[in-house]
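In the numbering used here, the protein residues as written are 313 to 457.
C-beta: ideal position from N, C-alpha, C; glycine also.
Model, not experiment: these values are computed from the prediction.
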Amino acid sequence: MGQAKHRKGADQGTSETTKWIWWLMPVSAVGITAFFMIGHQSEPVQVPMVAPVAVTPVLVPEDQVHAGYVGSESCRACHAAEYEKWKTSNHYFAERQVIEGMDHSAFAPEKTISHGKQTSTAKLDEKGLEQLVTTGLGNTKQPYT
Numbered sequence: 313m314g315q316a317k318h319r320k321g322a323d324q325g326t327s328e329t330t331k332w333i334w335w336l337m338p339v340s341a342v343g344i345t346a347f348f349m350i351g352h353q354s355e356p357v358q359v360p361m362v363a364p365v366a367v368t369p370v371l372v373p374e375d376q377v378h379a380g381y382v383g384s385e386s387c388r389a390c391h392a393a394e395y396e397k398w399k400t401s402n403h404y405f406a407e408r409q410v411i412e413g414m415d416h417s418a419f420a421p422e423k424t425i426s427h428g429k430q431t432s433t434a435k436l437d438e439k440g441l442e443q444l445v446t447t448g449l450g451n452t453k454q455p456y457t
């Protein structure tokens, strides 16, 4: 009988120790994690601000830009099929002088053209000339006639 009491007491002590261990393990884990998270925080890196450098665009005079251009007609003899397809394309009509009878309806009445985040305006100026007002150099709206 004495042994049974002794054993019961021993089991009870082991049970109490086990409870403490199971309680202490998660508390310790949380404490260690908090220590490393709080104790090892670093300051944010400060990146020095550098003022942007002003860039002046290089503008080549118009006569120099087109000095080597021999004209679209020079392509026609060797590339007849391609020339005929090109002549009816948007590309052909994009880079040409305005033709009053053909283009007047694109400018009157005034039209707003949206492209990306920008807008341009096609209109007639005070002299009745076709004009496109769009963002130019310096990021400002400028009229082009």
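Our two residues, F348 and P338, have alpha carbons roughly 15 Å apart in a direct line.
In this structure, the alpha-carbon of Q409 lies about 22 Å from that of S426. Within the model, the alpha-carbon separation for V357 versus A346 is close to 23 Å. Look at T457 here: in three-state DSSP terms it is coil, with no helix or strand label. Excluding residues up to 5 positions away in sequence, L444 lie with their Cβ nearer than 6 Å to the Cβ of Y456 in the same chain. Residue pairing by DSSP places E442 opposite L436 in a beta bridge.
In the structure shown, the three-state DSSP call for H427 is strand. For Q430, same chain residues with a beta-carbon under 6 Å away, outside a window of 5 residues either side, are T447 in chain order.
Bounds of any alpha helix (DSSP H) do not take in E407, whose DSSP letter is neither H nor E. Burial check for F405: the Cβ neighbour count within 10 Å stays below 16, so the residue is exposed. Under DSSP, T447 shares a beta bridge with K453. For A418, the uninterrupted alpha helix (DSSP H) segment begins and ends at E412 to F419. Collapsing the DSSP output to three states places Y381 in coil.
For E394, the uninterrupted alpha helix (DSSP H) run begins and ends at A392 to K399, by DSSP. T433 places its beta carbon less than 8 Å from that of E422.
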